[in-house]
Every structure is written in structure tokens, then in C-alpha cells.
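A.B. asks: For the protein sequence lines, the chains are A and B, in the order given. According to numbering that gives the first Met the number 0, the first sequence is numbered sequentially starting from 0. According to numbering that gives the first Met the number 0, the second sequence is numbered sequentially starting from 0.
2 protein chains.
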Amino acid sequence: MITVAVDAMGGDNAPDEMIKGAVEALAMRSDIAVILVGIESVIREKMKAYSYEESRLRVVPASEVIATEEPPVIAIRTKKDSSIVVGLNLVKKGEADAFVSCGSTGAVLVGGQLIVGKIKGVKRPPLAPLIPTTNGVSLLIDCGANVDARAEHLVQFARIGSIYMEHVIGVKNPRVAIVNIGAEEEKGNALVKETMPLLKECADIHFTGSIEAREIPSGQADVIVCEAFVGNVILKLYEGVGKALIGQMKGAMLSSVRGKLGALLVKPSLKQVMKKMDSSEYGGAPLLGLNGLVVKAHGSSKSKEVKNAIIQCITFKEQNISEKIRESLNQEQNRRNENGV
Amino acid sequence: MITVAVDAMGGDNAPDEMIKGAVEALAMRSDIAVILVGIESVIREKMKAYSYEESRLRVVPASEVIATEEPPVIAIRTKKDSSIVVGLNLVKKGEADAFVSCGSTGAVLVGGQLIVGKIKGVKRPPLAPLIPTTNGVSLLIDCGANVDARAEHLVQFARIGSIYMEHVIGVKNPRVAIVNIGAEEEKGNALVKETMPLLKECADIHFTGSIEAREIPSGQADVIVCEAFVGNVILKLYEGVGKALIGQMKGAMLSSVRGKLGALLVKPSLKQVMKKMDSSEYGGAPLLGLNGLVVKAHGSSKSKEVKNAIIQCITFKEQNISEKIRESLNQEQNRRNENGV
């Protein structure tokens with residue numbers, strides 16, 4: 000049995016979709032329990048609309064809510080009874096295996112580090128969403144936790160990302176590439192040029208070199224390493240270009256009778272593509288390298304995304320990912336000590 | 000009459016598509032002349048396939064070719080008789096108003112600065128392609144010339160980009176935004192945080208604040224300011240996501256009889272969208288801030304892109320963009336001097 004705490008108050012559609020998603024997750028899997036964290040009276044009232052196994056769904060009260068625009072560090076320090084702080088404390092105390100939130104990204108990232116804490120040896124915990132590609136999914140690491148990262152951080156991202164893709168997603172010997180502006184050796188900014196030789200030296204990862212942004216959607220790498228500013232741009236542009244293209248196509252098709260008829264016929268095919276290329280199908284983004292699992296899902300998440308984010312926690316826990324990250328970093332430290340680095 | 004020198008040897012489809020594009024441009028506009036630069040015997044042989052007004056198409060021989068993988072600075076310094084160096088010298092000497100190349104981006108950028116030279120006051124000439132949006136085009140500035148830019152460079156990009164959008168594209172009082180990872184004031188990396196207040200102080204541009212990558216495709220800003228690494232990622236991901244989505248849709252539609260029938264019906268609508276969202280429709284990317292116009296078009300350009308890149312040079316020349324950039328930077332310098340900065 001795995002226990003997932005869910006921030007019932009975070010996100011554009013809280014608390015309704017959070018509660019619905021939790022109930023859906025419980026119905027789908029019998030090996031999970033959910034703790035809804037938030038304003039108890041509101042949650043209890045909404046829960047009345049659903050039927051669920053009562054022993055697997057409980058409420059832990061939290062009287063405050065952290066808004067998206069609040070400065071994260073201050074919010075985490077002052078709102079001790081917020082759903083995010085209370086939820087993260089459940090993970091810290093071992094009462095929950097994971098915490099899922101659709102609320103303030105900044106607060107979840109800061110709170111994850113301050114409350115749940117980093118695995119010994121982890122320099123900066125990366126936020127690593129899965130992005131859909133034409134032949135599966137890739138892990139984009141890092142996407143928001145650490146702007147202005149250094150080379151040593153990127154090397155850890157590569158290691159941690161490899162472990163995640165291999166053990167949670169099941170990709171054997173995942174291909175790791177660094178985002179760059181060209182394939183040639185001399186290309187790149189200072190950070191990429193510094194990181195490249197360090198990645199080449201890592202015997203424990205399958206580093207394949209540079210990846211240009213245009214190759215990302217066709218799945219040319221399993222683990223895509225970049226610093227958070229670039230990762231965030233990639234993640235959001237992915238969403239933006241897709242949305243714009245689909246919108247334009249719909250508009251164009253519906254502007255003529257011929258197009259409208261065609262649209263009816265191609266609808267099932269397009270739906271299938273949309274589902275495949277829709278990142279919400281793949282749950283939230285885990286904040287990796289912590290002493291417990293913290294998952295940040297999209298602020299606009301509906302029950303489906305919440306359910307997927309909860310389900311995703313099962314493999315993470317089963318595969319003991321935090322322990323594997325700890326071991327990998329330990330081994331690396333030992334290698335460095337032996338070599339007198 | 001405007002004279003455009005075209006690198007006949009640069010790009011995946013050289014020299015055939017370069018020559019074809021030049022001939023097409025001549026047929027479209029009577030106020031331009033084209034100089035094809037490259038290996039004379041090869042060009043003359045290929046030219047036989049076309050009819051054109053001979054007084055407006057001439058060949059200037061260049062015996063060498065710079066390959067994409069050559070280190071740019073060395074290539075420009077040693078291959079004095081390459082099509083890129085010879086073409087850029089035509090601009091320097093005033094024999095051509097502009098130079099268009101689909102060859103090595105690095106060599107064009109380095110050569111543009113070393114041979115044609117920067118406008119006095121320009122710190123780093125940015126490469127600024129137009130990208131299609133759902134309601135027109137936006138200028139993405141900078142996209143490849145200057146990795147690891149500083150705040151003062153980004154401020155110049157904003158000014159130069161405003162001038163380009165206003166006078167070449169005809170957008171009145173263009174909205175300028177800086178690429179960021181969130182709309183909140185405290186978000187961003189060190190570079191963005193440093194640049195933001197400087198942009199706010201610019202009285203001569205219409206600065207609207209941060210733009211998240213997801214808002215770019217819907218045309219939320221006319222001039223999108225970013226450093227080159229991020230710009231390059233945006234440009235290439237734009238292309239990659241579009242290609243992947245279209246490919247997936249085609250595959251899905253053609254996998255069933257119903258889909259195939261629908262595909263026939265929606266084809267004209269989709270073609271219309273493809274044309275609108277296809278960046279090759281908008282010519283090449285100008286390298287702005289030089290004492291003359293240098294345009295870098297995509298390495299995979301066909302005759303259509305070459306033609307569009309040539310045509311684009313007309314407005315640039317007519318509007319005297321280099322002079323306007325010079326004036327704008329002069330005025331800014333005078334303001335700074337008056338304020339004793």
C-alpha cells in the first residue's frame with residue numbers, strides 16, 4: 000500500500016478536480032491510499048458527491064492556502080498551516096510516501112527542499128516532467144527549480160534522470176543528451192561547453208552528446224539535460240506551439256463546408272494524436288533528489304491529470320527511486336575519493 | 000534598383016535552388032538585380048536552364064566553399080576566395096546592397112561582423128528571424144549570433160528589433176517583451192532580472208514586460224527579446240514540434256479508410272495553415288546592426304525561401320534600416336551623455 004497526500008487547495012480547479020482525481024485514482028488501483036490536505040469543511044462537503052472506500056481516503060486539515068503569486072520562501076516560512084506545508088510535512092514524517100500539488104510551483108520547489116529535504120549528495124533537486132515525443136516520452140531535466148545552474152548540477156541531472164527513465168519508465172540504458180544550439184563540438188554557451196566533457200567522463204550514463212531543440216519532439220534522446228530556464232522555455236513552447244497549430248487547424252477546417260465534413264471524418268484520428276502528444280497524460284513532474292517524492296502537476300490540471308499524477312507515484316515508490324539516486328551518488332563520490340579528486 | 004548578392008554555393012540545395020530562387024526573384028520584381036557568387040563554371044552551366052533579364056543577373060566568381068562544420072573564424076580568415084567572403088566584400092565595397100546565404104551560420108555571422116562591419120555603437124549584431132504566429136509574425140531577437148550575452152546587449156536588441164518591426168514589417172509601436180519563465184516580477188535568471196529594469200527605462204520602445212514561451216505562438220509580442228541560446232532553442236523547437244505534430248496527424252489519418260477520406264477533404268484547409276505557420280514564407284533572418292544587410296536563410300532552403308529572402312532585402316534598403324538603427328543608437332548615447340551616465 001502506498002499513501003499519497005494530495006494538495007486539495009492548489010491549482011486553478013481546486014478543490015473539485017483534486018477530490019475527483021483522488022477518488023478516480025482510488026477506484027483504479029487498490030494498492031493506494033490518499034490523504035486530501037486542505038480546508039476540512041470544504042473538502043468534506045465536496046466529498047459527499049462521491050462514493051469511495053472510506054478506509055483509503057482521509058482528510059488532514061490545513062487552514063491556509065498559498066497563492067501562486069506569493070514569494071515562495073516567505074510563503075513556506077510564514078504559512079505553516081497551508082496545504083503545501085502540511086502536505087510536505089506528512090511526507091517528512093513518513094505518514095505519506097508522496098505529495099502531489101497543482102499549486103504554486105515556487106512554493107512546492109522551495110518547500111520540497113526545506114521540509115522534505117535533499118538526499119545527501121544532491122546539490123539541487125531538479126523538476127523533471129515527461130514530454131511526449133513521436134515515439135514515446137522523454138524526461139526534460141531541469142524545468143524550473145534552479146535557474147543559473149552550474150556544470151556539476153547538470154551532471155547530476157543526467158545521472159538522476161537516467162535512473163528515473165530506466166526504473167520508472169522502463170527504458171533500458173536511456174540515451175542522455177544535452178540541449179545545444181548545434182551538433183558541432185565547438186558550439187554552445189559557456190555552461191554547455193563546460194558540462195560536455197564532464198558528461199563524457201560519466202561511465203554510468205549513456206551520454207550521446209548534443210541535441211538540438213528541433214530533434215526533441217522526434218524522441219532523439221530519453222533524458223534531455225538542460226538548465227531550468229531553457230527547460231522551462233522548451234516545456235512551455237511545446238504546449239504553446241501545439242495549441243496554436245491545433246487551434247489554427249480547427250479554425251481552417253470549420254471555415255468551409257468541405258472542411259467541416261472532413262473534420263468529422265478525421266476527428267477520431269486527430270483525437271488519438273492529441274492524446275499521445277498531450278503531456279497531461281503522463282502525470283505531473285517529479286521533483287527528484289528529495290528524501291521522499293514530491294510531484295508538481297500543471298496548475299490547470301483536471302481530475303485526469305491529478306489521477307495520473309497519483310498513479311505515477313506507485314512505480315516511483317515500488318522501484319525505490321530515492322534509494323537508487325542515493326546509491327548512484329554515493330558510488331560516484333567513492334569513485335572521486337579513490338581517484339583523489 | 001537594389002542589388003542583392005546571393006551565395007550560390009551555400010546550403011543543402013546549392014547551387015540549383017539558389018539559382019532558381021534568384022531567377023524567380025528577378026521575375027517577381029523589376030527593381031532588383033542579383034549577383035550570384037560562387038564557382039563560375041558550375042553556376043553558368045546551371046543558368047542555362049533558365050531565361051531571365053541578363054542585365055539584372057551577373058556572376059561574381061569565388062573558387063572556394065566554406066563547409067558548415069568548419070570553425071567560422073578560421074574559415075573566414077583563410078578562405079579569402081570563398082563565396083561567403085567574396086559576397087560580403089561586395090556589400091562592403093558598395094557593389095551590392097545585401098548578401099543572402101544559406102551556408103554556414105557561424106561563417107556568415109563572423110564574416111558579417113569582420114568584413115561588412117558593425118554600425119558605430121552596436122555592441123553585438125543580432126540574428127533576428129521572423130516567426131509565424133496565429134495573428135501574424137514576431138521578430139525573435141537574438142537567435143544565434145551571440146551566446147552568453149549581457150544585459151546591455153539585450154537592450155540594444157530590443158531597440159534594433161523595434162525599428163525592424165516598425166519599418167520593415169509595418170507594425171506601429173511594436174510591443175517588445177523579454178522571454179521569461181513566469182510573469183511575476185521576481186522570476187527569471189540573473190540576465191533577465193538585470194535586463195528587465197533597463198528595458199523599463201527605455202522611453203523609445205514599447206516594453207510590455209515578460210513573455211512566457213507558451214504565449215509566443217499566439218503572437219503576444221511583436222519583438223521577442225532573448226539571448227541567442229534561448230532564441231535558437233525557441234526557433235528550432237518551433238520547427239520541430241510543428242513537424243512532429245503534422246507527421247503524427249498524417250500518420251493517424253492515413254491509418255484508416257475513414258481518416259483517408261477525411262484527409263482528402265481537409266487537405267486544402269490544412270495546407271492553408273501550413274503555409275501560414277511555415278517560417279520559410281517569411282524569408283531569411285537578417286543579421287542586424289551591420290553597415291549593410293546580411294541575411295541568413297535556412298540551410299535546407301529551396302528556391303521559394305531564397306526568393307523570399309531576396310525580396311525581403313528591398314524593404315530593408317528602401318526604409319534605410321541601417322541608418323535608422325544608427326540614429327536610434329546615437330540618440331540613446333546623447334541621452335546618456337546628457338544625463339552624465
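Glycine included, C-beta positions come from ideal geometry on N, C-alpha and C.
Rounded to whole angstroms, what's the CA-CA distance from K19(A) to V107(A)? Just pull it up for me.
C.D. replies: 21 Å
A.B. asks: Name the DSSP beta bridge partners of T341(A), please?
C.D. replies: Given a span of 0 to 340 for chain A in the structure shown, any question on residue 341(A) remains unanswerable.
A.B. asks: Can you say whether N291(B) is buried or exposed, counting buried as having 16 or more other CB atoms within 10 angstroms of its CB?
C.D. replies: Inspection of the sequence shows that residue 291(B) is occupied by Gly rather than by Asn. With 16 or more other Cβ atoms within 10 Å, it is buried.
A.B. asks: My output table needs one value for I313(A): the three-state DSSP class, helix, strand or coil.
C.D. replies: helix
A.B. asks: Between G239(A) and E214(B), which are expected to be in contact by the criterion C-beta below 8 Å, what is the C-beta distance as a whole number of angstroms?
C.D. replies: 7 Å
A.B. asks: Quick one: list the residues of chain A neighbouring I215(B), beta-carbon separation under 7 Å, in chain order.
C.D. replies: Neighbours of I215(B) on chain A, chain order: L236 and G239.
A.B. asks: Can you tell me which residues form a DSSP beta bridge with L126(B)?
C.D. replies: L286(B)
A.B. asks: Rounding to the nearest angstrom, what Cα-Cα distance links V72(A) and V109(A) in this structure?
C.D. replies: 6 Å
A.B. asks: Can L264(B) and G258(A) be called in contact, C-beta distance under 8 Å?
C.D. replies: yes
A.B. asks: If the cut-off is 7 Å on Cβ atoms, which residues from the segment 195-224 of chain A count as contacting chain B, listed in chain order?
C.D. replies: Taking 7 Å as the Cβ-Cβ cut-off against chain B, the residues of the segment 195-224 of chain A that qualify are E211, A212, R213, E214, I215, P216 and S217.
A.B. asks: Is T133(B) close to chain E? Criterion is C-beta to C-beta, closer than 8 Å.
C.D. replies: Absent here is chain E; the protein component of the structure consists of chains A and B.
A.B. asks: Which residues in chain B sit within 8 Å of K275(A), going by Cβ to Cβ distance?
C.D. replies: The CB of K275(A) comes closer than 8 Å to the CB of Q247 in chain B, given here in chain order.
A.B. asks: For V256(A), count neighbouring C-beta atoms within 10 Å of its own C-beta (all shown protein chains included) and say buried if the count is 16 or more, exposed if not.
C.D. replies: exposed
A.B. asks: Look up H205(A) in the DSSP assignment and say whether it is helix, strand or coil.
C.D. replies: strand
A.B. asks: Within 10 angstroms of its Cβ, does T104(A) collect 16 or more other Cβ (buried), or is it exposed?
C.D. replies: Buried, by the Cβ-count rule.
A.B. asks: I want to verify the contact list: residues of chain B whose CB lies under 7 Å from the CB of A262(A), in sequence order.
C.D. replies: V265, listed in chain order.
A.B. asks: Is A189(B) close to chain A? Criterion is C-beta to C-beta, closer than 8 Å.
C.D. replies: yes
A.B. asks: Could you give the distance in angstroms between the alpha-carbon of A284(A) and the alpha-carbon of E69(B)?
C.D. replies: 40 Å
A.B. asks: Chain A beta carbons: is any one of them nearer than 8 Å to that of D147(B)?
C.D. replies: yes
A.B. asks: Could you check which residue in I245(A), G282(A), Y281(A) and N319(A) has the C-alpha nearest to that of R266(A)?
C.D. replies: Strictly speaking, residue 266(A) in this sequence is Lys, with Arg absent from that position. Nearest option by C-alpha distance: I245(A).
A.B. asks: Counting only runs of 3+ residues fully inside the segment 134-178 of chain B, write out the beta strand (DSSP E) ranges in chain order.
C.D. replies: 135-140 and 174-178
A.B. asks: Can you find a CB in chain B that lies within less than 8 Å of the CB of L244(A)?
C.D. replies: yes
A.B. asks: Would you tell me roughly how many angstroms separate the C-alpha atoms of E39(B) and A127(A), rounded to the nearest one?
C.D. replies: 53 Å
A.B. asks: Within its chain, find whatever has a CB closer than 7 Å to the CB of V170(B); leave out the 5 residues flanking it on each side and keep chain order.
C.D. replies: M164 and D221
A.B. asks: Can you tell me which of the three DSSP states G110(B) falls into?
C.D. replies: helix
A.B. asks: Taking C-beta pairs closer than 9 Å, name the residues in chain A that S268(B) reaches, listed in chain order.
C.D. replies: In chain order: M248, G250, A251, M252, L253, S254, S255, R257, G258, G261 and A262.
A.B. asks: On the premise that I83(B) lies in contact with D30(B), defined as a C-beta separation below 8 Å, what is that separation, rounded to the nearest angstrom?
C.D. replies: Not really, about 26 Å apart at Cβ, beyond 8 Å.
A.B. asks: What residues from chain A crowd round G9(B), counting only those whose CB sits closer than 8 Å?
C.D. replies: Here the premise fails: no neighbours, minimum Cβ distance about 16 Å.
A.B. asks: Exposed or buried, what is K306(A) when buried is set at 16 or more other beta-carbons lying within 10 Å of its beta-carbon?
C.D. replies: buried
A.B. asks: Do I223(A) and S137(A) have their C-beta atoms within less than 8 Å of each other?
C.D. replies: yes
A.B. asks: Measuring CA to CA, which of G37(A), S50(A) and A24(A) is closest to K301(A)?
C.D. replies: For K301(A), the closest C-alpha among the options G37(A), S50(A) and A24(A) is that of A24(A).
A.B. asks: To the nearest angstrom, how far is the alpha carbon of Q247(B) from that of L269(B)?
C.D. replies: 14 Å
A.B. asks: Taking just the CA atoms, how far does D96(A) sit from V3(A)?
C.D. replies: 6 Å
A.B. asks: Does Q112(A) have its Cβ less than 8 Å from a Cβ in chain B?
C.D. replies: no
A.B. asks: When the Cβ atoms of the segment 204-219 of chain B are set against those of the segment 203-219 of chain A, are three or more pairs found closer than 8 Å?
C.D. replies: Taking 8 Å as the limit for Cβ pairs, the verdict is that the segment 203-219 of chain A does not touch the segment 204-219 of chain B.
A.B. asks: Anything in chain B within Cβ reach of I233(A), meaning under 7 Å, just list it in chain order.
C.D. replies: Taking a Cβ-Cβ cut-off of 7 Å, the neighbours of I233(A) in chain B comprise V232 and L236, given in sequence order.
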